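Colleague: Residue numbering for the sequence shown follows the numbering used here, beginning at -17 and increasing consecutively.
Idealized CB from N, CA, C, for every residue including glycine.
These figures come from a predicted structure and were not determined experimentally.
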Amino acid sequence: MNFIVQLTYLLAAVLFILGLKGMSSPKTARKGIIWAGVGMVLATLVTFVHPAVHGLTNYLLIIIGIAVAGVLAWWSGRRVGMTEMPQMVALYNGMGGGAAAAIAGVEMLRALRTLPGDLQSQAQALSNEAGISLAAAEAALRAEGAATASVAGALGADVAILAILGALIGTVAFSGSLVAWAKLDGRMKRNSLVPAQQVVNIVVFGLTVLFGVMTFFTDSIAVVAIFFALGLLFGVFVAVPIGGADMPVIISLFNALTGLAVGFEGYAIGNPAMIIAGTVVGAAGTLLTQLMAKAMNRPLTNVLFAGWGSTEGATSEGPEGEMKDVSAEDAGIMMAYAERVIIVPGYGMAVAQAQHKIWELVELLQDRGVEVKFAIHPVAGRMPGHMNVLLAEAGVPYDMIFDMEDINEEFAMTDIAVVIGANDVVNPAARDDESSPIYGMPILNVDEAENVLVIKRGRGAGFSGVENALFFGENTRMVFGDGQKVAGGMVQAVKGL
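#1: So is Glu456 buried or exposed if we call it buried at 16+ other beta carbons inside 10 Å?
#2: Give the single residue among Glu247, Ile184, Ile258, Asn253 whose Cα lies nearest to the Cα of Ala81.
#3: For the putative contact between Ala357 and Gly403, defined by C-beta atoms under 8 Å, what is the C-beta separation to the nearest angstrom?
#4: Helix, strand or coil: which one does DSSP assign to Leu435?
#5: Looking at the unbroken alpha helix (DSSP H) that takes in Tyr209, where does it start and where does it end?
#6: With 16 other CB atoms within 10 Å as the buried threshold, where does Trp56 fall?
#7: Entirely within the segment 240 to 265 and at least 4 residues each: give me those alpha helix (DSSP H) ranges in chain order.
#8: Determine the DSSP secondary structure at Asp312, reduced to helix, strand or coil.
#9: From the DSSP output, in three-state form, read off Met365 for me.
#10: Between the Cα of Ala376 and those of Ala145, Leu346, Gln337, Arg439, spot the shortest distance and give me the residue it belongs to.
#11: State yes or no: is the C-beta of Leu373 within less than 8 Å of the C-beta of Pro327?
#12: Measure the C-alpha to C-alpha separation of Thr10 and Gly4 and round it to an integer number of angstroms.
#13: Can you give me the Cβ contacts of Ile315 inside the same chain, cut-off strictly under 6 Å, excluding the 5 residues immediately before and after it?
#14: Can you pull the DSSP bridge partners for Lys355?
#15: Under a three-way DSSP split, which group does Arg172 fall into?
#16: Just confirm the distance between the C-beta atoms of Val244 and Ile(-1), as a whole number of angstroms; I'd bet it's less than 8 Å.
#17: Taking its Cβ as the centre, do 16 or more other Cβ atoms sit within 10 Å of Ser115, making it buried, or is it exposed?
#18: Could you name the residues of the same chain whose beta carbon sits closer than 6 Å to that of Met256, not counting the 5 residues immediately before and after it, in chain order?
#19: Assuming Asn75 and Asn253 form a contact by the criterion Cβ under 8 Å, report the distance between their Cβ atoms to the nearest whole angstrom.
#20: Could you tell me whether the Cβ atoms of Gly87 and Phe(-15) are closer together than 8 Å?
#21: Just to confirm the assignment, what range does the beta strand (DSSP E) spanning Met460 have?
#22: Who are the near neighbours of Glu432 in its chain, counting only those whose CB is closer than 6 Å to its CB and skipping five residues on each side?
#23: Once DSSP output is grouped into helix, strand and coil, what is the label at Val473?
#24: Taking just the CA atoms, how far does Asn427 sit from Met395?
#25: Give me the DSSP bridge partner(s) of Asp307.
#26: Identify, in the order they occur along the chain, each residue of the same chain with its Cβ nearer than 6 Å to the Cβ of Leu214, setting aside the five sequence neighbours on each side.
#27: Would you tell me roughly how many angstroms separate the C-alpha atoms of Leu452 and Asp429, rounded to the nearest one?
#28: Pairs of beta-carbons, one from the segment 334 to 353 and one from the segment 466 to 473, closer than 8 Å: are there three or more?
#29: Could you tell me the distance, in whole angstroms, from the CA atom of Val206 to the CA atom of Thr190?
#30: Going by beta-carbon coordinates alone, are Ser159 and Ala266 separated by less than 8 Å?
#31: Tell me, which residues are paired with Asp385 by DSSP?
#32: Using the Cα positions of Arg350 and Gly59, report the straight-line distance between them to the nearest angstrom.
#33: Considering only residues of the same chain and omitting the five flanking positions on each side of Glu353, which have a CB-CB separation below 6 Å?
#34: Which residue or residues does DSSP assign as beta-bridge partners of Val400?
#35: According to the neighbour-count rule (16 or more other Cβ atoms, all chains shown, within 10 Å of its Cβ), is Asn405 buried or exposed?
#36: Where does Asp415 sit, in a helix, a strand or coil, going by DSSP?
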């Protein structure tokens, strides 16, 4: 029976890997989610049919937990809007880290509760029971190692180390993801909680590591509790200084941490499915984090410790000039008589829920023989792949969507570039202004198009607080208004031709 259980876990792990591979492309993402879901169902069911492997006894409590969580997940998944998807991803990612930390906590508490008492008490009990001298009883206990009253002594050094590391990483991912959720949802706007926030962060991290080491040797539940509390506090403190422009990077990082925590705890409880799935997710999240940081031309340490993404960090004076606006109808007519159009979506499109109207406009332009493409910056939106999800929801074919490195050279040969809701990822200051806080960040070369149309609700700066030089360009025309209404006006203008 144990062989069947392990084989099923291996099959579930393979399905996790195939699912993650499928999620790497919009074309196969739906299939990948199904594969991963089937793998999770298999891993859950096999745990039920062979409880001796994991010592499960309280079926009712487990079933109630699964039922309540399943209903909440279904309900939240049905009601969440596309503009709230980044918040949901951050929240669910945090739940994964929290679950891994909870597993570590349960294992540590179980170990501490089963630890024997002090050596003298044990020796006395053994002496009375076996009828041997106290000295002989003490020698026997020392030889068996039963007197090692610590987490490491109860779990084993290797298991204890990985359980503690998983607990640290999981708690940081949990509380940090909750802060990311609060920031994305507009519930938290602060970039510090205490004076000298980064210095305090270093101190809290040092204390967390110290208590992690103490947990390895301790037989005290209080030490373990303090260690978990410090991990949660450090997660909050490390996420608070992160500004809005850095959210795609930090979400990827917390995703990687959650995967590592799950993998470590899988080893701690001897679950191969958790080990493989956690390792794969951790590796993929780490790679994605590096790609996100590279797309912003900033090392991860700068994202975590510099606080550039906050509005306080935007100190450049900004471009000079005046914005020139045009009506939605005139902009639609311009596009109708163009040969090549590239559309650059950003978070503003998600807020306005304009993707469907934009796609309706594109279909009209294609009917008139206009070549239309979509250009996606790696950190556009509030999470990796955010714009791809929005466009897929509207029915945009995948072969019309291009990554930055694949389309950047085409802007110079484009009649009209349309920017809807994007800001920092199209700001020429990142390429031309060494004094700009975003200097060096790779951008979409929208300004090289013959004409630029920017659909924007107002005249304010982007999420990073940096003024956009593109808006003041000679070839740029601003189309002010709600993205969906502006796109609707463009549609009516094209239909009227």
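Modeller: So, from the data block:
#1: exposed
#2: Nearest to Ala81 by C-alpha distance, out of Glu247, Ile184, Ile258, Asn253, is Glu247.
#3: That belief does not hold up - the Cβ atoms of Ala357 and Gly403 are roughly 13 Å apart, past 8 Å.
#4: Strand at Leu435.
#5: Sequence inspection shows Phe at residue 209; the Tyr mentioned does not correspond to that position. Boundaries of the alpha helix (DSSP H) harbouring Phe209: 203 to 221, taken from the DSSP string.
#6: exposed
#7: none
#8: helix
#9: coil
#10: Comparing Cα positions, the closest option is Gln337.
#11: yes
#12: 5 Å
#13: Around Ile315, the same chain offers Ala475 as residues with beta carbons nearer than 6 Å, after the five sequence neighbours per side are excluded.
#14: Ile324
#15: coil
#16: Between Val244 and Ile(-1) the beta-carbon gap is near 14 Å, outside 8 Å, which marks them as no contact.
#17: exposed
#18: Val244, Gly248
#19: Incorrect: roughly 20 Å between the Cβ atoms, too far for contact.
#20: When the beta-carbon positions are compared, Gly87 and Phe(-15) stay at least 8 Å from each other.
#21: It spans 458 to 462 - the beta strand (DSSP E) in which Met460 sits, taken as one unbroken run.
#22: Asp397
#23: helix
#24: 11 Å
#25: Per the DSSP secondary-structure output, Asp307 pairs in a beta bridge with Met460.
#26: Correct list, in chain order: Thr153, Ser157.
#27: 6 Å
#28: yes
#29: Across the structure, Val206 and Thr190 are spaced so that their CA atoms are roughly 11 Å apart.
#30: no
#31: Ile358
#32: 38 Å
#33: Arg322
#34: Ile325, Leu435
#35: buried
#36: coil
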